[in-house]
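Read through the structure below, which is laid out as structure tokens, and then see the notes.
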Amino acid sequence: MNRACPELEPLLLDRAAGELGEADTARLERHLAGCPGCRAEADAVSLALSLAALPPASAAERAAAGQGAREALLRHRAGRMQRRFAGRMALAVAASAAFALAVPWYLLSRHAPVGPPVAPPAAVDAATAWELPDLDAAWAAAAAADPEAFPEPEPEMLFAELQEIDLDLE
Amino acid sequence: MQGSSMADRESRAGPGLRVLEGGRAAETDGGLLRDFLAGDEGAFEELWRRHHATVHALARRYARTPEDALDLTQRAFLRAVGAARRAVRRAGPDFPFRPWLLRIAANLGKNHLRDESRWRRAPVRDLDQAADGAAPADELLSRRDRERRVREAVLLLPRRQREVLTLRIDAGLSYAEVARTLGIAEGNARVHFHLAARRLAELVRAGEDEP
Chain A
0 MNRACPELEP LLLDRAAGEL GEADTARLER HLAGCPGCRA EADAVSLALS LAALPPASAA
60 ERAAAGQGAR EALLRHRAGR MQRRFAGRMA LAVAASAAFA LAVPWYLLSR HAPVGPPVAP
120 PAAVDAATAW ELPDLDAAWA AAAAADPEAF PEPEPEMLFA ELQEIDLDLE
Chain V
0 MQGSSMADRE SRAGPGLRVL EGGRAAETDG GLLRDFLAGD EGAFEELWRR HHATVHALAR
60 RYARTPEDAL DLTQRAFLRA VGAARRAVRR AGPDFPFRPW LLRIAANLGK NHLRDESRWR
120 RAPVRDLDQA ADGAAPADEL LSRRDRERRV REAVLLLPRR QREVLTLRID AGLSYAEVAR
180 TLGIAEGNAR VHFHLAARRL AELVRAGEDE P
């Protein structure tokens with residue numbers, strides 16, 4: 000099998016890429032006419048690139064791509080709104096978290112001892128000095144109370160209240 | 000006022016370019032991008048008009064269906080304009096939007112390939128069109144089989160080789176444009192193209208040697 004001339008191989012590849020200048024192209028074509036090895040290499044590279052190349056886009060594909068700007072803009076707007084929403088959600092979550100942390104911190108800091116110890120207030124003294132009262136004495140005092148102070152309700156009054164309730168139900 | 004506006008637009012367009020009344024053909028990509036980021040959706044449509052065909056051609060390489068290709072194209076544009084916000088503020092109307100866009104499209108294609116586990120089912124098969132009807136059936140079948148194998152091999156090339164090759168044969172970029180797009184030297188782009196093309200040619204030759 001004939002091999003390509005090594006020094007010309009880069010030019011063969013440039014030729015296949017369509018990157019060869021006019022002068023070099025003319026010179027190479029003259030060489031190819033008389034060198035089967037270079038001719039075979041040039042054909043193989045050209046064939047490989049033609050097989051690798053995609054078929055041209057159909058008219059429908061080209062039309063769809065040409066009109067794709069509007070859809071792309073819609074996607075752009077949707078993405079922007081989504082980002083804004085996500086940003087606001089993140090802000091809301093951050094604010095909630097800050098609030099949730101701040102409240103206990105504030106409450107704790109209010110009750111935390113600050114500065115030198117101070118004397119307990121009078122209410123604390125009273126609470127610590129409290130003792131269970133004498134319940135028997137309290138009961139006896141209640142039994143001795145005047146029953147007239149708590150009169151029985153009159154029947155008419157009860158009936159009137161009942162009527163009012165009925166009216167509300169109608 | 001109008002004069003200064005015209006001058007401003009002309010300076011954005013660069014010397015030697017004239018702004019057509021009612022059109023935006025002479026505005027630079029960077030200027031359009033800046034306008035779009037300021038809320039002018041017409042500027043986006045002009046950018047799309049200029050570059051969608053190249054991006055779409057690149058996206059088709061990685062897509063299984065026409066819908067995939069269009070989706071990739073749109074995502075490339077959106078990612079490109081979104082990611083350029085800070086860069087365009089610094090570079091202004093001279094911002095090189097096209098290389099930026101194509102590089103993002105190539106990256107998205109690569110990611111799509113990675114994420115798409117079914118790509119091995121010949122990703123471009125659905126896009127394929129009927130070949131020359133005059134060819135005999137077995138020859139046609141053979142050609143199709145070879146296309147499938149070579150196109151799969153393109154997707155298996157090392158990353159840089161694949162990027163260079165697809166920017167050249169799909170997007171139609173010159174070595175110089177490929178180099179600018181990928182941020183590499185032109186000679187480097189040429190070498191990567193050579194390596195890729197040689198590898199594909201070896202594959203074709205190996206296929207011909209099979210019984």
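Which chain is which? The protein sequence lines are A and V, in order.
Note that numbering that gives the first Met the number 0 gives residue 132 to position 133 of the first sequence, counting from 1, and the numbers run on in steps of one.
Note that numbering that gives the first Met the number 0 gives residue 107 to position 108 of the second sequence, counting from 1, and the numbers run on in steps of one.
Even for Gly, the Cβ is constructed at its ideal location relative to N, Cα and C.
**Report entry** Cβ-based contacts, 8 Å cut-off: residues of the segment 34–46 of chain A near chain V
**Finding:** Glu40, Ala43, Val44, Leu46
Query - Contacting residues, own chain, Cβ-Cβ under 7 Å from V/Glu162 (five flanking each side not counted) - result: The residue you call residue 162 of chain V lines up with position 163 of the second sequence. Here the set comprises Ala105, Leu181.
Query - Integer Cβ distance of A/Asn1 from A/Gly36, believed to fall under 8 Å - result: Position 2 of the first sequence, counted from the first residue, corresponds to residue 1 of chain A. Position 37 of the first sequence, counted from the first residue, corresponds to residue 36 of chain A. Rounded, the Cβ-Cβ distance is 3 Å, consistent with contact.
Query raised in the report: When you compare only the Cα positions, how much space is there between V/Glu40 and A/Arg61?
Result: By one-based count along the second sequence, residue 40 of chain V stands at place 41. By one-based count along the first sequence, residue 61 of chain A stands at place 62. Between V/Glu40 and A/Arg61, the C-alpha separation is close to 22 Å.
Report task. In the DSSP assignment, find the unbroken alpha helix (DSSP H) run with A/Arg2 in it and report its ends. Result -> In the first sequence, residue 2 of chain A corresponds to position 3, counting from 1. Here A/Arg2 belongs to no alpha helix (DSSP H), and DSSP marks it neither H nor E.
Requested in this report: Only counting runs of 4 or more residues, tell me where the alpha helix (DSSP H) segments fall wholly within the segment 72–145 of chain A, in order along the chain.
Outcome: 121–128, 134–142
Report task. Determine the burial state of A/Tyr105: buried for a count of at least 16 other Cβ atoms within 10 Å of its Cβ, exposed for fewer. Result -> Within the first sequence, residue 105 of chain A is the residue found at index 106, counting from 1. A/Tyr105 comes out exposed.
Requested in this report: Return the chain-ordered list of same chain residues with a C-beta closer than 8 Å to the C-beta of V/Ala184, the five sequence neighbours on each side being excluded.
Outcome: Here residue 184 of chain V is taken as the residue at index 185 of the second sequence, counted from 1. Around V/Ala184: Ala178.
**Report entry** Three-state secondary structure (DSSP) of V/Thr180
**Finding:** Numbered from its first residue, the second sequence carries residue 180 of chain V at position 181. V/Thr180 falls in the helix class under three-state DSSP.
Query raised in the report: For A/Pro9 and chain V, any beta-carbon pair shorter than 8 Å?
Result: On the first sequence, residue 9 of chain A is found 10 positions in, with the first residue counted as 1. So, interface residue.
**Report entry** Cβ shell of V/Glu45 (< 6 Å), same chain only, five flanking positions each side left out
**Finding:** If you number the second sequence from 1, residue 45 of chain V lands on position 46. Within the same chain, V/Glu45 has close Cβ partners Arg23, Leu31.
Query raised in the report: Cβ of A/Ala41 within 8 Å of Cβ of A/Leu19?
Result: For the purposes of this step, residue 41 of chain A is taken as residue 42 along the first sequence, with counting starting at 1. For the purposes of this step, residue 19 of chain A is taken as residue 20 along the first sequence, with counting starting at 1. No, these two residues do not count as a Cβ contact at 8 Å.
Requested in this report: Starting from the Cα of V/Arg114, find the closest Cα among V/Ala62, V/Ile103, V/Val149 and give me that residue.
Outcome: Along the second sequence, read from residue 1 onward, the residue named residue 114 of chain V stands at position 115. Checking the displayed sequence, the identity of residue 114 of chain V turns out to be Asp instead of Arg. Out of V/Ala62, V/Ile103, V/Val149, V/Ala62 has the C-alpha closest to the C-alpha of V/Asp114.
**Report entry** Local Cβ density within 10 Å of A/Gly86, reported as buried at 16 or more and exposed below that
**Finding:** Within the first sequence, residue 86 of chain A is the residue found at index 87, counting from 1. Flag for A/Gly86 reads exposed.
Query raised in the report: Excluding five sequence neighbours on each side, which residues of the same chain lie with their C-beta closer than 8 Å to the C-beta of V/Leu202?
Result: For the purposes of this step, residue 202 of chain V is taken as the residue at position 203 of the second sequence. Cβ within range, chain order: Arg148, Val149, Ala152.
Query raised in the report: How about the segment 76–95 of chain A and the segment 184–199 of chain V: do they share at least three Cβ pairs that are nearer than 8 Å?
Result: no
Report task. Quick one: grab the DSSP three-state call for A/Ser45. Result -> Within the first sequence, the letter at position 46 stands for residue 45 of chain A. Correct three-state label for A/Ser45: helix.
Report task. Given a cut-off of 8 Å, decide if V/Phe94 and V/Trp47 are closer than it, judged by their beta-carbon atoms. Result -> Position 48 of the second sequence holds residue 47 of chain V. Position 95 of the second sequence holds residue 94 of chain V. Not closer than 8 Å, so no.
Requested in this report: With 8 Å as the threshold, decide whether the Cβ of V/Gln73 is near any Cβ in chain A.
Outcome: Position 74 of the second sequence, counted from the first residue, corresponds to residue 73 of chain V. Closer than 8 Å to some Cβ of chain A, the Cβ of V/Gln73 qualifies, so yes.
Query raised in the report: Quick one: any contact between the segment 163–170 of chain V and the segment 63–82 of chain A, if contact means 3 or more CB pairs under 8 Å?
Result: no
**Report entry** Bounding residues of the alpha helix (DSSP H) (the contiguous stretch that carries V/Asp114)
**Finding:** The sequence position of residue 114 of chain V within the second sequence is 115, counting from 1. V/Asp114 -> alpha helix (DSSP H) spans 96–114.
**Report entry** Under 8 Å between C-beta atoms of V/Gly29 and V/Gly91
**Finding:** In the second sequence, counting from the first residue as 1, residue 29 of chain V sits at position 30. In the second sequence, counting from the first residue as 1, residue 91 of chain V sits at position 92. A contact, by the Cβ cut-off of 8 Å.
Query raised in the report: When DSSP labels each residue in this structure, what does V/Gly171 get in the three-state scheme?
Result: For the purposes of this step, residue 171 of chain V is taken as the residue at position 172 of the second sequence. It is coil, neither helix nor strand.
Query - V/Leu57 versus A/Ala99 - alpha carbon distance - result: Here residue 57 of chain V refers to the residue found at position 58 when the second sequence is read from its first residue. Here residue 99 of chain A refers to the residue found at position 100 when the first sequence is read from its first residue. Roughly 52 Å between the two C-alpha positions.
**Report entry** Coarse secondary structure for V/Gln160, derived from DSSP in three states
**Finding:** Counting from 1 along the second sequence, the entry for residue 160 of chain V is found at position 161. In the structure shown, V/Gln160 sits in a helix (DSSP, three-state: H, G or I).
Report task. Using a Cβ cut-off of 9 Å, pull out every chain A residue sitting near V/Pro157, in sequence order please. Result -> As a working mapping, residue 157 of chain V is identified with position 158 in the second sequence. Simply none; closest approach about 15 Å.
Requested in this report: Return the residues of the segment 174–202 of chain V that lie within a Cβ-Cβ distance of less than 8 Å from chain A, sorted by chain order.
Outcome: Tyr174, Arg189, Phe192, His193, Ala196, Arg197, Leu199, Ala200, Leu202
Query raised in the report: Taking buried to mean at least 16 other C-beta atoms within 10 Å of its own C-beta, is A/Thr127 buried or exposed?
Result: For the purposes of this step, residue 127 of chain A is identified with residue 128 of the first sequence, where counting begins at 1. Counting Cβ neighbours within 10 Å, A/Thr127 comes out exposed, since fewer than 16 surround it.
Requested in this report: Report buried or exposed for V/Asp144, applying the criterion of at least 16 other Cβ atoms within 10 angstroms of its Cβ.
Outcome: By 1-based counting over the second sequence, the position of residue 144 of chain V is 145. With fewer than 16 other Cβ atoms within 10 Å, it is exposed.
Query - Local Cβ density within 10 Å of A/Leu134, reported as buried at 16 or more and exposed below that - result: In the first sequence, residue 134 of chain A corresponds to position 135, counting from 1. Exposed.
Requested in this report: Output the distance between the C-alpha atoms of V/Thr72 and A/Leu7, rounded to the nearest integer angstrom.
Outcome: One-based indexing of the second sequence puts residue 72 of chain V at position 73. One-based indexing of the first sequence puts residue 7 of chain A at position 8. Near 38 Å, if we compare the C-alpha coordinates of A/Leu7 and V/Thr72.
Requested in this report: Starting from A/His75, find everything on chain V with Cβ-Cβ shorter than 7 Å and list it in chain order.
Outcome: Looking up residue 75 of chain A in the first sequence gives position 76. Chain V residues near A/His75: Leu77.
Report task. Throw me the rounded Cβ distance for the V/Ile103 and V/Arg78 pair, which I believe falls under 8 Å. Result -> Working through the second sequence from its first residue, we reach residue 103 of chain V at position 104. Working through the second sequence from its first residue, we reach residue 78 of chain V at position 79. With 8 Å as the limit, V/Ile103 and V/Arg78 qualify as a contact, their Cβ atoms being about 5 Å apart.
Requested in this report: Answer yes or no: does any C-beta atom of chain V fall closer than 8 Å to that of A/Ala25?
Outcome: As a first step, residue 25 of chain A must be located in the first sequence, where it is residue number 26. It does not; no Cβ of chain V falls within 8 Å.
Requested in this report: Closer than 9 Å by beta-carbon distance: list the chain V residues that pair up with A/Phe18, in chain order.
Outcome: In the first sequence, residue 18 of chain A corresponds to position 19, counting from 1. Note that residue 18 of chain A corresponds to Glu in the displayed sequence, not to Phe. Under the 9 Å cutoff, chain V gives Arg167, Ser173, Tyr174, Arg189, Phe192.
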